[in-house]
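To start, the structure under review is shown below, and the notes come after it.
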DNA sequence: AATGAATGAGAATTCATTCAT
DNA sequence: TATGAATGAATTCTCATTCAT
């Protein structure tokens, strides 16, 4: 009790010594950077070196490499979720969906590990699965509202949007280094494809993302 | 079938003893299969085992794992190139582009290593780069013709199409196992987005893929 | 119970602050428990956690893991020594020896680390060696008296008894979990073998345990 | 076929190149030596170094450390089994049992890993379990015959003998280095304890070793 | 005096690549 | 030419011990 931070300070994480907290932050920053640039195959040794700490310190903060990856990826997922909820409650349906997709693609830009994980790697991690599940709920809601408002074609579902958001970034990814804003071009193109007026009937049924979990 | 080199074309490969040639073929067949199913992370030992040869034989035929991956991937790239040329010369522009994109996405759908490489892995390999360069020339041509025919919006270039082809597959990839034909849905959606009717101006200039090589 | 040092005996340990003393006691209690149950491979972290102290505190009280193990093992050795002296002074020679052996095997049966150390592990520790040396003196005395009383065969020495006590437990150890009292069976068998009436001449001279120290 | 050794050479192991065979032998010899002297905790690196090979070579020959330990231990177990069968079929019951126990203890002399494994460590290994099971069958048979011949007391079973054989060596083990033949002394003592004459009833029922497997 | 964060030397294991046979 | 044995660097992870707070 007495070691806990007074209730007025709004942090849920267990209290750490200042130096430990600084190390943890450097660690997460290094992991964020290297995972983004090199993907989940980057070694713990490299992350520790870039953070300026020993390898052991990584494992003091995270029980396994998988847990560290989950931390970094969930950070992004949670930020996106939170931003998405804000958009859903403040914008009209069409704008909310567009703004959310923009945010979502943007977050993936330059983040290979995020893409890998969203695309299925280390999907075994519970924490990541839970975040993704919540995100899908939000996407379903945003999509349903936009569809009901007539802003997007009737045959597109939330699962489609979730996949497209990942795919749009992948489209631009090969040039991420030299042309980091390119994803905006393919997002725009995709949004045009989602408009009701263009719609040809789609030749394959909408996916059931739930299947992915099993 | 049609993509095999006709027997009359004099081969550039060094002459090999019959058994060496047979080994090489078994090796490539095994690599093709395993790389397609498991991606570039498959081990040389596994490939050699499936081919029924020793690991040393792999390195006798290919200087490194990377070179073997390049061989297999280039095969697919060349086959695609050859198929694309055929389409370009036999179909009207709009159909040719659509058929080519369909082919191209389809090939990725069955080949994990191909996807990895096209999406950037081992892009350092010269042979792969050369194949991709030639493919881009073809795509430029197909795209230009379709654009001139008014089949696609005016602000879309060959480089856009090349990237989109990769991205469409990535969009469907997370569900590749449970819903292997899903890419057709996103291809259709993308094609709708490419239509000239009512297109909104794109917010970011077309990429210069050449930059990718450097 | 009886093996605890009476409160009136002036302690040799340095004076400690009350909280330090309490910590040390909790530490030793935790070490006793875990070392007995899991052997010397238990980690300092586990011991510290069970004691409710930090790892640093362990090293404040004991210079190394080895020293902590020695502390706990010596406790048992000293308790056994003290108990043995009591038996030697209160029972007739034959009964005293039998009772001591029973005590000694019994203590091993509940203490994995004790077994490991008695069987040779960390025998390098000076403190342990000293305790064992004193115990051997007692065993020599008990054995000599029993031999002189004609209770055991003439060709058996104190060093034999010391080794047998360890060996009897090792015999039953593989089944310690499922049959914790089994050692009594092999103790009885060994005691029968020690009777003078059964004796065939032994084919190898009695050991010189002192050699073990070097 | 043609690579196989002609049928007249009585070896069942797959053929290895002479250099590989030599390395394997050096490896097993090093493992035998170090496992015997230091127990199963010895590191693969140490074994490899003593064998004069790289660490990778160890894993080429044995899939895991556990498998290497099993190899070395099973060697001893199988040799013992085979020797025991020979004794059972050539000697009268009392002599056969005594000779077998002598052999069995002798094999353990100076072999810490063997003792650890026989005493339960790495008992998870299937190969080891199978060898031990067969050995127990033999011990049961030898013991039954000796008992029926009146050579040993009626209340002693094969499981007792199996445990005693291990325990006898453990008794002498602390002095194994300085007095390597000491086990003969404790074997003789134990054999005296097994004689039917004047035996006191044993205070604890015979163990059921089968329980150990589960 | 107490803490627990940081350390870094290993541990077992994998695998692309080299090289003796 | 083909083989597969040998290599050793790299990987994730553990833990006794040190030291700043």
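Protein chains in written order, with this note's numbering: chain A, 22 to 235; chain B, 22 to 235; chain C, 22 to 235; chain D, 22 to 235. Every residue, glycine too, gets a C-beta built ideally from N, C-alpha and C.
- Using beta-carbon distances, residue 207(B) counts as an interface residue toward chain A, with a partner under 8 Å.
- In the three-state reduction of the DSSP assignment, residue 229(C) falls in the coil class, being assigned neither a helical nor a strand state.
- By the neighbour-count definition (other C-beta atoms within 10 Å, threshold 16), residue 53(B) is a buried residue.
- With respect to the C-alpha of residue 126(B), the residue from 202(B), 228(B), 217(B) and 43(B) having the closest C-alpha is 202(B).
- Counting only unbroken stretches of 4 or more residues, the alpha helix (DSSP H) elements lying wholly within the stretch 57 to 92 of chain D are 65 to 72 and 76 to 82, in sequence order.
- The closest CA to that of residue 124(A), considering only 149(A), 205(A) and 154(A), is found on 205(A).
- Following the DSSP letters along the chain, one finds residue 173(D) in no alpha helix (DSSP H), marked with neither H nor E.
- Of all C-beta pairs linking the stretch 161 to 179 of chain D to the stretch 181 to 188 of chain C, fewer than three are shorter than 8 Å, placing the two stretches out of contact.
- The Cβ neighbour count for residue 213(B), taken over all protein chains shown within 10 Å, is at least 16; the residue is labelled buried.
- When 157(B), 191(B) and 129(B) are compared, the shortest CA-CA separation from residue 56(B) is found for 129(B).
- Runs of the beta strand (DSSP E) spanning 3 or more residues and lying entirely within the stretch 100 to 132 of chain A do not occur at all.
- Contact note: residue 159(D) does not reach chain C at a C-beta cutoff of 7 Å; the least C-beta distance is about 18 Å.
- The Cβ neighbour count for residue 51(D), taken over all protein chains shown within 10 Å, is at least 16; the residue is labelled buried.
- In chain D, no part has a C-beta under 8 Å from the C-beta of residue 152(C); the shortest such distance is about 15 Å.
- When 7 Å is used as the limit between beta carbons, residue 203(A) is near these residues of chain B: 225 and 228, in chain order.
- Rounded to whole angstroms, the separation of the alpha carbons of residue 154(D) and residue 61(D) is 21 Å.
- Just measuring C-alpha positions, the residue of 39(A), 191(A) and 197(A) sitting nearest residue 211(A) is 191(A).
- At a cut-off of 8 Å between C-beta atoms, residue 173(C) does not count as an interface residue with respect to chain D.
- If you draw a 10 Å sphere on the C-beta of residue 157(C), you find 16 or more other C-beta atoms in it, and that means buried.
- Residue 80(C) places its beta carbon 8 Å or farther from that of residue 105(C).
- Cα atoms of residue 102(B) and residue 150(B): separation of roughly 14 Å, rounded to the nearest angstrom.
- Between the alpha carbons of residue 73(A) and residue 89(A) lies a distance of about 16 Å.
- In terms of beta-carbon proximity, residue 213(A) lines the interface with chain B, with at least one pair separated by less than 8 Å.
- Between residue 78(B) and the set 160(B), 41(B) and 114(B), the nearest pair of CA atoms involves 41(B).
- Beta-carbon to beta-carbon, residue 167(D) and residue 118(D) are separated by about 4 Å, close enough to satisfy the 8 Å threshold.
- At a cut-off of 8 Å between beta carbons, residue 103(B) makes no contact with chain A.
- At a cut-off of 8 Å between beta carbons, residue 188(B) contacts chain A.
- Collapsing the DSSP output to three states places residue 202(C) in coil.
- Of 223(D), 133(D), 225(D) and 209(D), the smallest CA-CA separation from residue 198(D) is found for 133(D).
- Within the stretch 90 to 116 of chain D, no residue places its CB atom closer than 7 Å to a CB of chain C.
- Take the alpha-carbon of residue 138(A) and the one of residue 94(A): they are about 8 Å apart.
- In this chain, residue 221(A) is not harboured by any alpha helix (DSSP H), its DSSP state being neither H nor E.
- The alpha carbon of residue 136(B) has as its nearest neighbour, out of 97(B), 113(B), 225(B) and 110(B), the alpha carbon of 97(B).
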